[in-house]
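Undergrad:
2 protein chains.
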Amino acid sequence: MAATDTPWRPFRQAGALRRPMIDPAFVQGHPAYPDAFAQFFAGHGRYGHFAERVGNRNSRNGWRRRALAPGPAVGAEIVARHHEAAAQAGQGGDAARHQHRVDRLGQHHVRAAFEQVGRHFRLRGRSEHDRHRKGIVGADSPAHPPHQIARLLHAEIRVHHQKVDHFRPEVVFGIVAVVKAQQIPASQHAKGAGDDITAAEVEIAQQGAHTWGVVGHGLPSWQERTTFWPPAFRSPSDRSATSEFVAGLVNIGLSRLDKIWPGMPSSRFGFKRAYEGFMHVYRSHTCGQLKAADAGIQARLSGWVHRKRDHGNLLFVDLRDHYGITQCVIDVSSPVFAALDKARPESVITVTGKVVKRSAETINPRLPTGEIELQVAEVEIQSIADVLPIQVAGDQEYPEDMRLRYRFLDLRREDVHANMMLRSRVIAYLRQAMIGQGFTEFQTPILTASSPEGARDYLVPSRIHPGKFYALPQAPQQFKQLLMVAGFDKYFQIAPCFRDEAGRADRSPGEFYQLDFEMSYVTQDDVFAAIEPVLEGVFKEFGKGRAVTPAPFPRITYADSMLKYGSDKPDLRNPIIIADVTEPFRGSGFGLFAKLVDKGAVVRAIPAPGAAGQPRSWFDKLNDWARENGAGGLGYIQFAADGPKGPIAKNLEPARVEAIKAAANLKDGDAVFFACDKALPAAKFAGLVRTKIGNELDLLEKDVFKFCWTVDFPMYEINEETGLVEFSHNPFSMPQGGMDALLNQDPLTINAYQYDIVCNGVELSSGAIRNHRPDIMYKAFEIAGYSAAHVEEHFGGMLNAFKFGAPPHGGSAPGVDRIVMLLADQPNIREIILFPMNQQAQDLLMQAPAEIAMERLRELHIKVDLPKPKKEVKEG
Amino acid sequence: MAATDTPWRPFRQAGALRRPMIDPAFVQGHPAYPDAFAQFFAGHGRYGHFAERVGNRNSRNGWRRRALAPGPAVGAEIVARHHEAAAQAGQGGDAARHQHRVDRLGQHHVRAAFEQVGRHFRLRGRSEHDRHRKGIVGADSPAHPPHQIARLLHAEIRVHHQKVDHFRPEVVFGIVAVVKAQQIPASQHAKGAGDDITAAEVEIAQQGAHTWGVVGHGLPSWQERTTFWPPAFRSPSDRSATSEFVAGLVNIGLSRLDKIWPGMPSSRFGFKRAYEGFMHVYRSHTCGQLKAADAGIQARLSGWVHRKRDHGNLLFVDLRDHYGITQCVIDVSSPVFAALDKARPESVITVTGKVVKRSAETINPRLPTGEIELQVAEVEIQSIADVLPIQVAGDQEYPEDMRLRYRFLDLRREDVHANMMLRSRVIAYLRQAMIGQGFTEFQTPILTASSPEGARDYLVPSRIHPGKFYALPQAPQQFKQLLMVAGFDKYFQIAPCFRDEAGRADRSPGEFYQLDFEMSYVTQDDVFAAIEPVLEGVFKEFGKGRAVTPAPFPRITYADSMLKYGSDKPDLRNPIIIADVTEPFRGSGFGLFAKLVDKGAVVRAIPAPGAAGQPRSWFDKLNDWARENGAGGLGYIQFAADGPKGPIAKNLEPARVEAIKAAANLKDGDAVFFACDKALPAAKFAGLVRTKIGNELDLLEKDVFKFCWTVDFPMYEINEETGLVEFSHNPFSMPQGGMDALLNQDPLTINAYQYDIVCNGVELSSGAIRNHRPDIMYKAFEIAGYSAAHVEEHFGGMLNAFKFGAPPHGGSAPGVDRIVMLLADQPNIREIILFPMNQQAQDLLMQAPAEIAMERLRELHIKVDLPKPKKEVKEG
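Take a look at the structure:
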């Protein structure tokens, strides 16, 4: 390790510690403790790794260790470095204080301490070391008491603390050092004197770790807990346990020191300042972590000034970060009051001070940190905020464009922040669930060719190939099928999809995301069985206790769905079931419907449970609503106690009214509405009526996610204008019955293995078992009026791949944004996307789209072709 | 449940089972067994859920159950459905067989069976049921023996099979039914007669599950294992255990039946055919799963014809799928021989037959399924392959363009397939590791604004905003910093990045991926401490046993790195350390260097350990190499045993040669080369020489991943041409010492908190602690010659955000593709990307980029501006 390197350089250089990490005062310490602390801090030097750790290369947790053998040379180096640090510090304000310490520090003090450490832990040859490493308690070989004691303690700790079972011996050595420092008579060493490190001691260690300000069980990750801990001691295995316990070790030392060296002037040099010297430059805790148990410790927090409350001689500041809010308080007499007072809302500050319990009446039960507050002793302004265009605290409403322009402020607001975290957690869950189902995630190209999907592509001009364009994928459809042809069996991707479509409440102009998946050698039911537990699981996990349809989800045929629910996306929360009542009206006295029925129309009855008693105005309002939605009106019958009422009932024979009552499962007290038109429009309008009545009568089941599959979509339908057969939905799905059905069945009776997954009336995705057979594809397209040449020209890529051995495969692609909208009860998609465009497809934050310099367009061989300005039509 | 619905409709409709699922032959069964099988299969009806399952709404594993109470009505329904199935089947080929069964089936048989079942399992009021549900063995209440026995068995199973501890009672009922069917004397019921279902019985069940062809412990996911199992019995919890055990139940019944009804004509109607009826239409096992233990069972496999070997009267076909290869064999006399023979290589087929052990000499130890083969009895061609343009089996080499055009075939090849799976697993590991470190994954926009990063953007013309363009992000840099300003604390993303750059071996023209991450309130060391365990972990996990530098990785300053390794991306596998030997040459007799040194040049010595004995030709070859790389030549000294030799040594005083020997740590037997030039070019050339010699002398450490951080990059450097101070690397990193350094220090001495992470000489990523302070940013840019206006014009988005409270933050973005290339030992990036473009930025598979119809360009307000064809320069 080069002389210029000092062990604490990386820390001071990183601004992490204002003072040199190894404050010589510790080393000087009390004669009784030299080895404990010398050993403890000798290990801090990172560059030279001179405190080599014990163990062998392939120990269970993979932590590479070398024999622990700090030698006397270490002592000399520590002194040399300190002189260097003092010189460097000389330029800063601490010159006087450092120089003072150097004089106090006698070289011999240090060397003596490290020689003692060296003797204790110097290990003989490796073989001897290995022999003992296996036997947990090598009682028969006092040759290495410390090593043996360490093993003993290691075992004991394992028993007490399951989670620290894979503990690293070098930490245990620290404990041994502490035990030894109590000058335990040598005789006790032989038989594992370490026994007196009782569970109670371990408890102190844990408790100590707490007071050390390192440990808060609420800390989200080991970083915050170990940030103060010099990287040298981090093992790749469970560091959280390591840090908690090691910090506890320090505290055993602290408590022991008080016993053995009472009244040690901790203020001047010693542990309190060491304690601070160890605190991270920005935070020892997050703002969501300090609890009553932390009262009394020093803590440092960083975050945004959420709110300020001036109480005359006391200033209260609510400090907020990602993890929560902590109340900080400062007295007007404090030297740093002015600095804190100056910090406007949303400024970023770092405060250090003592954690104190709040008085009973000021405890805030709604805040996880509501039992304590931080008495501010030090303030550092990290970044002053200008006057805010939108407030973060509170729930004032702002126009969407304003929120998007200042999205980095909008995202700090509690609900918006929570929505984005929900999205991330949902996606992480979906990934894990799919991997758990045996799927593998693959990335498919984003710069690719224009695809024949429905919507418009976003195009990307090529620089190298003048006049040619890439396209952004509307969906990875072709690539995922090619992955099946390539034999990958089970693919999934949280896939970005790009469609140049107008924005809507539930549609974002930029990219959207799908849980895209595909499987080989599967039937429709296998696809359902793969995705159902994932969807059921994610809605149970994040549905805040709302009920979820258990797998297997109900399968409803397209025909049943259109009849009973008036939609291929049935909302099963609505109990209303539509019934066909064409026959009772055929040739009936109600001429309006009878004539239409004769011309091929159907009549659908939409029950309105318990609505017979509604006032006349209620029915009239629905009638107007029907007209606004393009219907002639909305006929109805009220099954009042004294018999059916309403214009239609009067014109129908009682038997026909009874037939309607039976077909629509009605009882007295109900009403029923009718839709009469050709089959498809009648079904769709009946569906609208069903939804309207469900909402009007508040019939929808609450707090539930109702799933179903819509299956058996027709392969073909008749084009109203041309009267020709055309594909009804997805031309690439496998017809049920395969080639045999295409050859022998009336095309309009052929169903496709095509399905939609629906939740609460929202279509999460469509999917299909694909048509992987070129011969069947040519035939299917031929029936819809397409020549083989057309198929090859438009779908040559896929067709070509299918000619070299394609497996049967199928899949689907539930919309991730839609899943998150359902879970967050958010109708507007922009509330669950971090940086969405507005409905005019503009990114107001980053100013996109924007004009581009001419030479860059020239490089891409394109010119702008602006629309000619429309000639202004002169007034009058 | 509507009459038209039949319990088996969904299966036949899904083509999963060729025969109706509930084969009446089971129901008919032997009088002794009616209830066992009736109960077992009564549960199969999915639509009506008529076999309601037992339990309450919030049982531990969330499986919603209702009381189990099949009544006599069930029997009648089964018969009705069967008639319907027989009628439907009538159209297919099985009409005769089904009709035969219906006559054999007496209505009374079925009704009697189900009444018995009903009595056994009809439960009284819910409260009583709940009371027993808690007590595992309610020995004191014989009122519900079956229920109580079920609980007892459930407990016993938990003891034997930890993994089935959360078993669902309704499956246990199946066992009870089997036990009861043995007409165990009623008296034994009271005291838990179930005890005789011993561990052995359970073993049979497991073994039975095996023979049932359902279970292969190697099956990758529960789907394959339970695919045959009607979805009705799948609980969202551990279905794999459920399926294994329930299948075992069937086998207990099978084995019991033989004992009680020996010689039951299993061939005609009974379990063998039932067994087949239950097999999945495509696969009961994958091609990597059948082992010796499976010998004797019927199995169905699907996959690609990998190889065919014709042995005269036997045809061997190696069938391949994603999971492995299984040898299938068919005799020339078999009726399906022709079909199999016709299937060309890479055709997709489904084969069914018996699993048999191979004879000892034909066992293939290299194949996981090498102990068995499948005797083919049935063949179904799923998709015939044309003549292949590139072979999949074997390791023939093909030109890259050919492989990219037929990528779906190329990806089937073993190594290419393995590389892609490695990529996916590495990415999944990285995600998990980052989440484990407390990071959250966020998606940032892909359609955004043009960014000021170095390379060219891909542009996307806007349809709605004529003349304006979006851009694809070169990196999510600005968005991730905005996420820190928005307070999300810890972000990461497997982020797609788009740079319009020429292709190279290690660079793909399309998008590439980074493990992009950013953290708030952190120092440089915190960033290192967060990513080091992730990188160390992934290289240990996927490095095939190669050693990995343990965290914390060495920190090497930029200055040290350029001096010692001649690069800011040092390859630490190469032991050679370059030394500065300017002084020994200053004013020396070797005029060439002495003159250059006087003009400010430096001399770097590159040791060549043990090379003194190399022949003259070796040195001359290196000299030529140096000239090819733009140097004047490559001076050297050989420290031979009898003293230093070579032209340079002759012109240097011995003391100077000794000084060189000491400075460069040389010993007799070594040689040393020299680079003399200005500091930077000398360092870089010395780096090239170091790499060249390292390779020539084969000095590089093998099978190791050597990591390090290059830190302390200079903030500024002098522009050679203009002589002005300019940014040396990343203008947005925080200068060390902050504003104080910018104000008081010589700019050329200011280092930045900027760092690179390097592995084996490959730069995985650069990163920095960002400059989050507008005031410091203006000052930093001012020193580099930029006005405040310039800063606001080009970086207004970020600067504006920093004015509303920005936290200190930093991060990095290791390249995912580079990590996978290192792990896969693949120098060519196209070998680890699924569908890469070629080096001319073309997607040969999907034909991109491509010309686009005029009207679509008009919609985007752009025109093509083709380069004018260059006038042909007439010859001569």
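Heads up: the protein sequence lines correspond to chains A and B, in order.
With full-length UniProt numbering, letter number 97 in the first sequence gets 97, and the count goes up by one each step, no holes.
With full-length UniProt numbering, letter number 758 in the second sequence gets 758, and the count goes up by one each step, no holes.
Here a beta-carbon is modelled for each residue, glycine too, at the ideal position from N, C-alpha and C.
#1: Quick one: which chain B residues come within Cβ less than 7 Å of A/L845?
#2: According to DSSP, simplified to helix, strand and coil, what is A/Y282?
#3: Using a Cβ distance threshold of 8 Å, determine whether the stretch 793 to 812 of chain B contacts the stretch 390 to 400 of chain B, with at least three qualifying pairs required.
#4: Taking just the CA atoms, how far does B/A640 sit from B/R656?
#5: Is the beta carbon of B/V376 sitting closer than 8 Å to the one on B/V351?
#6: Check whether chain A comes within 8 Å of B/W304, counting only Cβ atoms and requiring the distance to be less than that.
#7: Quick one: Cα of B/Q736 to Cα of A/M421, how far?
#8: Just confirm the distance between the C-beta atoms of A/K863 and B/D865, as a whole number of angstroms; I'd bet it's less than 8 Å.
#9: Less than 6 Å between C-beta atoms, sequence neighbours within five positions excluded: which residues of the same chain meet that for A/S520?
#10: Distance, Cα to Cα, B/V379 vs B/G324?
#11: Report the three-state DSSP secondary structure of B/P584 (helix, strand or coil).
#12: Just mark B/D698 as buried or exposed, buried being the case when its beta carbon has 16 or more other beta carbons within 10 Å.
#13: What's the C-alpha gap between A/W618 and A/V689?
#14: In chain order, which continuous runs of the beta strand (DSSP E) of length 3 or greater are located wholly inside the stretch 439 to 484 of chain B?
#15: Just to make sure I have the definition right: I need the residues of chain A whose C-beta is within less than 7 Å of the C-beta of B/V348. Which are they?
#16: Quick check on DSSP: helix, strand or coil for A/A205?
#17: With distances taken from CA atoms, which of B/V791, B/Y282 and B/V603 is nearest B/L563?
#18: Take B/S588 and list the residues in its own chain whose beta-carbon comes closer than 6 Å to its own, dropping the five residues that flank it on each side.
#19: Out of curiosity, what's the CA-to-CA distance linking residue 882 of chain B and B/A385?
#20: Run the CB neighbour count on B/T722, radius 10 Å, all protein chains shown included, and call it buried at 16 or more, exposed below.
#21: Compare the C-beta of A/Q840 with all C-beta atoms of chain B and state if any pair is closer than 8 Å.
#22: Give the single residue among A/F512, A/Y778, A/M279 and A/D331 whose Cα lies nearest to the Cα of A/G815.
#23: Give the residues from the stretch 460 to 471 of chain A that approach chain B closer than 8 Å (Cβ to any Cβ), ordered along the chain.
#24: Against chain A, with Cβ distances strictly below 8 Å, would B/L866 count as a contact?
#25: Going by DSSP in three states, A/I606 sits in which element: helix, strand or coil?
#26: Quick check: is the beta carbon of B/K863 nearer than 8 Å to any beta carbon in chain A?
#27: Measure the C-alpha to C-alpha separation of B/L515 and A/D817 and round it to an integer number of angstroms.
#28: State the DSSP-derived secondary structure class of A/K692, mapped to helix, strand or coil.
#29: Report yes or no: do the stretch 769 to 785 of chain A and the stretch 815 to 834 of chain A share at least 3 C-beta pairs separated by less than 8 Å?
#30: Could you spell out where the alpha helix (DSSP H) holding A/L515 opens and where it closes?
#31: Measuring only the C-alpha atoms, how far is A/M846 from A/E346?
#32: Out of A/M798, A/E441 and A/G600, point me to the one whose CA is closest to A/F732's CA.
#33: Quick one: Cα of A/T749 to Cα of A/V762, how far?
#34: Which residues in the same chain have their Cβ closer than 6 Å to the Cβ of A/F713, if we skip the five residues on either side of it in sequence?
#35: What residues are listed by DSSP as bridge partners for A/V376?
#36: If we require 3 or more residues per run, which beta strand (DSSP E) segments fall completely within the stretch 612 to 672 of chain B?
TA: In terms of the structure at hand:
#1: Residue 845 of chain A sits at position 845 when you count from the first residue of the first sequence. Correct list: G797.
#2: The residue given as residue 282 of chain A occupies position 282 in the first sequence. Reduced to three states, the DSSP call for A/Y282 is coil.
#3: Short answer: they don't touch.
#4: Locating residue 656 of chain B in the second sequence gives position 656, counting from the first residue. Locating residue 640 of chain B in the second sequence gives position 640, counting from the first residue. B/R656 and B/A640 have their C-alpha atoms roughly 16 Å apart.
#5: Within the second sequence, the letter at position 376 stands for residue 376 of chain B. Within the second sequence, the letter at position 351 stands for residue 351 of chain B. Yes, these two residues count as a Cβ contact at 8 Å.
#6: Residue numbering aside, residue 304 of chain B sits at position 304 when the second sequence is read from its first letter. Chain A contact via Cβ: present.
#7: Counted from its first residue, the second sequence places residue 736 of chain B at position 736. Counted from its first residue, the first sequence places residue 421 of chain A at position 421. Approximately 34 Å, taken between the alpha carbons.
#8: Taking the first sequence and counting its residues from 1, one reaches residue 863 of chain A at position 863. Taking the second sequence and counting its residues from 1, one reaches residue 865 of chain B at position 865. Indeed they touch by this definition, with Cβ atoms about 4 Å apart.
#9: Here residue 520 of chain A corresponds to residue number 520 of the first sequence, with the count starting at 1. Hits under 6 Å: M484, D489, P807 and H809.
#10: Along the second sequence, read from residue 1 onward, the residue named residue 379 of chain B stands at position 379. Along the second sequence, read from residue 1 onward, the residue named residue 324 of chain B stands at position 324. In this structure, the CA atom of B/V379 is about 19 Å from the CA atom of B/G324.
#11: In the second sequence, the residue the question calls residue 584 of chain B occupies position 584. In this structure, B/P584 counts as helix in the three-state DSSP scheme.
#12: For the purposes of this step, residue 698 of chain B is identified with residue 698 of the second sequence, where counting begins at 1. Flag for B/D698 reads exposed.
#13: For this step, residue 618 of chain A is matched to residue 618 along the first sequence. For this step, residue 689 of chain A is matched to residue 689 along the first sequence. Their backbone Cα atoms lie some 14 Å apart in a straight line.
#14: 459 to 461 and 469 to 471
#15: Along the second sequence, one-based indexing puts residue 348 of chain B at 348. Simply G805, A806 and P807.
#16: Position 205 of the first sequence, counted from the start, is the residue given in the question as residue 205 of chain A. Its pLDDT being 37, under 50, A/A205 is placed unreliably by the model, and the measurement read from it follows with that caveat. Looking at A/A205 - three-state DSSP - the assignment turns out to be helix.
#17: Here residue 563 of chain B refers to the residue found at position 563 of the second sequence. If we check each option's Cα against that of B/L563, B/V603 comes out closest.
#18: Here residue 588 of chain B refers to the residue found at position 588 of the second sequence. So the qualifying residues of the chain are A594, L652 and R656.
#19: Lying outside 1 to 876, the shown extent of chain B, residue 882 of chain B is not represented and no answer is given.
#20: In the second sequence, the residue the question calls residue 722 of chain B occupies position 722. That one is exposed.
#21: Position 840 of the first sequence, counted from the first residue, corresponds to residue 840 of chain A. Closer than 8 Å to some Cβ of chain B, the Cβ of A/Q840 qualifies, so yes.
#22: Along the first sequence, read from residue 1 onward, the residue named residue 815 of chain A stands at position 815. Out of A/F512, A/Y778, A/M279 and A/D331, A/F512 has the C-alpha closest to the C-alpha of A/G815.
#23: V460, P461, S462, R463, I464, H465, P466, G467, K468, F469, Y470 and A471
#24: Position 866 of the second sequence holds residue 866 of chain B. With 8 Å as the cut-off, B/L866 counts as an interface residue toward chain A.
#25: Translated into the one-based positions of the first sequence, residue 606 of chain A becomes position 606. Correct three-state label for A/I606: strand.
#26: Numbered from its first residue, the second sequence carries residue 863 of chain B at position 863. With 8 Å as the cut-off, B/K863 counts as an interface residue toward chain A.
#27: Within the second sequence, residue 515 of chain B is the residue found at index 515, counting from 1. Within the first sequence, residue 817 of chain A is the residue found at index 817, counting from 1. Between B/L515 and A/D817, the C-alpha separation is close to 23 Å.
#28: In the first sequence, residue 692 of chain A corresponds to position 692, counting from 1. A/K692 falls in the helix class under three-state DSSP.
#29: No: fewer than three Cβ pairs fall under 8 Å.
#30: Within the first sequence, residue 515 of chain A is the residue found at index 515, counting from 1. Unbroken run through A/L515 is the beta strand (DSSP E), E511 to S520; no alpha helix (DSSP H).
#31: Counting from 1 along the first sequence, the entry for residue 846 of chain A is found at position 846. Counting from 1 along the first sequence, the entry for residue 346 of chain A is found at position 346. In this structure, the straight-line span from the alpha carbon of A/M846 to that of A/E346 is close to 21 Å.
#32: Position 732 of the first sequence holds residue 732 of chain A. Nearest of A/M798, A/E441 and A/G600 to A/F732, Cα basis: A/M798.
#33: Here residue 749 of chain A refers to the residue found at position 749 when the first sequence is read from its first residue. Here residue 762 of chain A refers to the residue found at position 762 when the first sequence is read from its first residue. The alpha-carbon atoms of A/T749 and A/V762 are separated by roughly 27 Å.
#34: Taking the first residue of the first sequence as position 1, residue 713 of chain A is located at position 713. Within the same chain, A/F713 has close Cβ partners Y558, H729, A752 and Q754.
#35: Reading the first sequence from its first residue, position 376 is the one you call residue 376 of chain A. In the DSSP output, where bridge partners are listed per residue, A/V376 has A/G353.
#36: 636 to 640 and 643 to 645
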